[in-house]
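Colleague: I have a structure I would like to understand better, so I am pasting it below and will then ask my questions one at a time.
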Amino acid sequence: MSIEAMLRRDAQALARSMNDAEMQQLRNEIFAADSASESSAAGRSGSLRAAGPAPGRGLSEREEAAAVSGGDHTVLDRYREEGVKHAASARRAAELLELIGEDESAGRWWRTAARLGDPDAIDYVDAFLGGPTDGSALASQRKEER
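Numbered per my numbering, the sequence shown spans residues 1219 to 1364.
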């Protein structure tokens, strides 16, 4: 299966896991990005970022986990919003989803983070998820980049 086919399949799975409000926000971001001026596009550092914004700013990882475990998914929702663009946010969404037992959704976010270049996610997918994402190829790619 080609990379494009895998990305398309995972995008469809991600779309199914998102609620309507999240989908509308994603559409707004995509269309806003399309209409951005060339000058702002020239200032971007590229499509892969080593780390994204910190959606839970002001909360420690432990406090985020406690909030999500307690049913407050505000932080998790922010990580999912940013995780479409930022590997670190996608990885944190996967971690929090695992914490609350949403393993299938967490797996999709681990794969998203790996595709966005997060080294921990690449290792995680290779070691634990494997399967259709061909995690060994991601790990090989990571080793070549070193």
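Where a beta carbon is used, it is the ideal one built from N, C-alpha and C, also for glycine.
Excluding five sequence neighbours on each side, which residues of the same chain lie with their C-beta closer than 6 Å to the C-beta of tyrosine 1342?
Modeller: Closer than 6 Å at Cβ, skipping near neighbours: Trp1328.
Colleague: Would you mind reading off the limits of the alpha helix (DSSP H) that contains valine 1286?
Modeller: 1279 to 1287 is the extent of the alpha helix (DSSP H) around valine 1286.
Colleague: Is serine 1323 buried or exposed, if buried means 16 or more other CB atoms sit within 10 Å of its CB?
Modeller: Classification for serine 1323: buried.
Colleague: State buried or exposed for isoleucine 1221, treating a residue as buried only when at least 16 other CB atoms are found within 10 Å of its CB.
Modeller: Exposed: under 16 other Cβ atoms inside 10 Å.
Colleague: Helix, strand or coil, according to DSSP, for serine 1220 in the structure here?
Modeller: Coil.
Colleague: Round the Cβ separation of tyrosine 1297 and serine 1287 to the nearest angstrom and send it over; I've been treating them as touching at under 8 Å.
Modeller: Actually they do not touch by this definition, with Cβ atoms about 15 Å apart.
Colleague: Using the beta-carbon count (16 or more within 10 Å), is aspartate 1290 buried or exposed?
Modeller: Aspartate 1290 comes out exposed.
Colleague: Note down the Cα distance separating leucine 1317 from aspartate 1344, rounded to an integer number of angstroms.
Modeller: Cα to Cα, leucine 1317 sits roughly 20 Å from aspartate 1344.
Colleague: Does DSSP classify glutamate 1320 as helix, strand or coil?
Modeller: Glutamate 1320 falls in the coil class under three-state DSSP.
Colleague: Taking the alpha-carbon positions, what's the arginine 1280 to arginine 1226 distance?
Modeller: In a straight line, the C-alpha of arginine 1280 is about 34 Å away from that of arginine 1226.
Colleague: Between which two residues does the alpha helix (DSSP H) carrying valine 1293 extend?
Modeller: Per DSSP, valine 1293 belongs to the alpha helix (DSSP H) from 1292 to 1301.
Colleague: Closest by CA to valine 1293, which one among Glu1282, Asp1336, Arg1333?
Modeller: Answer by Cα proximity: Glu1282.
Colleague: Can you give me the C-alpha to C-alpha distance between leucine 1347 and glycine 1276, rounded to a whole angstrom?
Modeller: If you take the alpha carbons of leucine 1347 and glycine 1276, they lie about 32 Å apart.
Colleague: With DSSP run on the structure shown, which of helix, strand or coil describes aspartate 1338?
Modeller: Aspartate 1338 falls in the helix class under three-state DSSP.
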